[in-house]
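The structure appears right after this line, and notes come after that.
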Amino acid sequence: MSAHIIDGKALAQTVRAELADKAAALKATQGIAPCLAVILVGEDPASAVYVKNKVMACEQAGFRSLKATYPANVEPAVVLGKIAELNADPSVHGILVQLPLPQQFDSDAVLEAIDPAKDVDGFHAENVGALMQGKPRFIPCTPHGVMKMLESAKVPLKGAEAVIVGRSNIVGKPMAMLLLAQSCTVTVCHSRTRDLAFHTRRADILVAAVGQAKMITGDLIKRGATVIDVGINRTADGKLCGDVDFESAQEIAGAITPVPGGVGPMTIAMLLANTLEAAQRSAR
Ligand code: NDP
Numbered sequence: 052m053s054a055h056i057i058d059g060k061a062l063a064q065t066v067r068a069e070l071a072d073k074a075a076a077l078k079a080t081q082g083i084a085p086c087l088a089v090i091l092v093g094e095d096p097a098s099a100v101y102v103k104n105k106v107m108a109c110e111q112a113g114f115r116s117l118k119a120t121y122p123a124n125v126e127p128a129v130v131l132g133k134i135a136e137l138n139a140d141p142s143v144h145g146i147l148v149q150l151p152l153p154q155q156f157d158s159d160a161v162l163e164a165i166d167p168a169k170d171v172d173g174f175h176a177e178n179v180g181a182l183m184q185g186k187p188r189f190i191p192c193t194p195h196g197v198m199k200m201l202e203s204a205k206v207p208l209k210g211a212e213a214v215i216v217g218r219s220n221i222v223g224k225p226m227a228m229l230l231l232a233q234s235c236t237v238t239v240c241h242s243r244t245r246d247l248a249f250h251t252r253r254a255d256i257l258v259a260a261v262g263q264a265k266m267i268t269g270d271l272i273k274r275g276a277t278v279i280d281v282g283i284n285r286t287a288d289g290k291l292c293g294d295v296d297f298e299s300a301q302e303i304a305g306a307i308t309p310v311p312g313g314v315g316p317m318t319i320a321m322l323l324a325n326t327l328e329a330a331q332r333s334a335r
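For what it's worth, this note's numbering labels the leading residue of the sequence shown as 52, then goes sequentially.
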């Protein structure tokens, strides 16, 4: 039997429509339009597409957006100056620096320069610490989107074996914290994991966030498991695909997210949710 497809695109549309209503209400009652500022450095085509999609999503939800773009060889001080300016601007509620940054940048220093109250990506150390303590201010968008998808698919979390493949600061680690907070038993795998299959085959919930096309094949999945594919890769013929081999995985999994149309759209929806929240907090 084929797995239930968790439709991230449809869920994201619903979430974005709700956020648009809330943004309109904030404007009507407090005169505040949520505003996201996006900083893009360099000419990486994938980053340019992500930024374009984020700006477009803001506009569709009635948010304001600002975009600052710089050439790849820009001095980091220029970008830090822009961040300071946006930090000080009360009409800006969220600030996002599109990663990765060119080599001359210390990415951590850039992320730390963002006012934590405007850090809608949730990457500032203060916000990471708050998440660790179970008192999140901004939940990083991709893992937040995954949690919403699990909730929408009514996946039981308490006591579930959750296995995450990937331990990055932006996906794997915060994902682990969120699942742990919901009382999953969490295992985090990475490139040095000795026997990946041993772990993935006992997962009730398997999250793949690796960046390797189709590496999680059906034989690595427990029958009936919920499989969340965070990966965004391109095949040789230019098509998008995830870290999960969808064809073989859907025969074994109980539920699965597609790529495209899965986690990606939810990531953007959660960015808007964080921006709206920042704007609402600014009104208090
Ligand atoms: P990173 O490259 O930062 O992290 C990849 C992780 O995968 C690392 O922890 C690495 O281990 C681990 N890994 C690499 N090879 C293996 C292997 N063979 N077996 C087990 N683990 C392995 O990537 P990100 O977390 O930033 O992104 C992961 C994927 O998700 C990418 O495809 C990215 O494009 C996508 N993505 C999608 C988003 C969305 O909105 N859908 C948002 C963000 C990312 P180690 O730490 O040991 O090196």
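Yeah, the Cβ is synthetic: ideal placement off N, Cα and C, and Gly gets one too. This one's a predicted model, so the numbers in the text were calculated from it and none came from an experiment.
In this structure the segment 186-204 lies against the segment 57-73, because at least three pairs of beta carbons, one per stretch, are closer than 8 angstroms. Scanning the segment 74-127 from its first residue to its last, the whole beta strand (DSSP E) runs of 3-plus residues come out as 86-92, 115-121. With respect to the 8 angstroms criterion, Ala71 and Gly113 are classified as neighbours on the basis of their beta carbons.
For Ala264, the secondary structure class from DSSP, reduced to helix, strand or coil, is coil. Judged by DSSP in its simplified three-state form, Glu302 adopts coil rather than helix or strand. If the five residues before and after Gly145 are omitted, its C-beta is found closer than 6 angstroms to the C-beta atoms of Leu87, Lys169, Val171, Thr326, Ala329, all from its own chain and listed in chain order. Going by DSSP, Ile221 is part of no alpha helix (DSSP H) at all; its letter is neither H nor E.
Taking a cut-off of 6 angstroms from the heavy atoms of the ligand NDP, the residues with a C-beta inside it are Thr193, Val216, Gly217, Arg218, Ser219, Ile221, Val222, Gly223, Cys240, His241, Ser242, Arg243, Thr244, Leu247, Ala260, Val261, Gly262, Gln263, Val281, Gly282, Ile283, Asn284, Val314, Gly315, Thr318. Contact annotation: Asn138 and Phe174 have beta-carbon atoms that are not nearer than 8 angstroms. Taking 8 angstroms as the cut-off, the beta carbon of Gly275 is found no closer than this to the beta carbon of Ala259. According to the DSSP assignment, Ile146 belongs to the beta strand (DSSP E) that extends over 145-148.
With the rule of 3 Cβ pairs closer than 8 angstroms, the segment 103-111 does not count as touching the segment 127-143.
Under the 8 angstroms Cβ criterion, the segment 307-314 does not count as touching the segment 236-252, having fewer than three qualifying pairs. Taking 8 angstroms as the cut-off, the Cβ atoms of Cys235 and Ile256 count as close. Across the structure, Leu229 and Leu182 are spaced so that their CA atoms are roughly 8 angstroms apart. If you ignore the 5 residues before and after Ile279, its C-beta comes within less than 6 angstroms of the C-beta of Val197, Val258, Thr308, all in its own chain and listed in chain order. Going by DSSP, Asp159 is part of the alpha helix (DSSP H) stretching over 158-164.
One thing to note: Met266 has its Cβ within 8 angstroms of the Cβ of Asp294.
Here Thr244 carries a coil assignment [DSSP, helix/strand/coil]. For Leu322 against Lys199, the beta-carbon gap comes to about 13 angstroms, at or over 8 angstroms, which does not count as contact.
Annotation: Leu152 is outside any alpha helix (DSSP H) and is labelled neither H nor E by DSSP. For the options Leu271, Pro191, Ala79, the alpha carbon positioned closest to that of Ala320 is the one of Pro191. Our two residues, Ala75 and Gln301, have alpha carbons roughly 40 angstroms apart in a direct line. Around the beta-carbon of Thr286, fewer than 16 other beta-carbon atoms lie within 10 Å, marking it exposed.
Here Thr120 is not near Leu150, since their CB atoms are 8 angstroms or more apart.
Going by C-alpha positions, Gly210 is about 14 angstroms away from Ala227.
Residue range 314-334 is occupied by the alpha helix (DSSP H) that includes Ile319.
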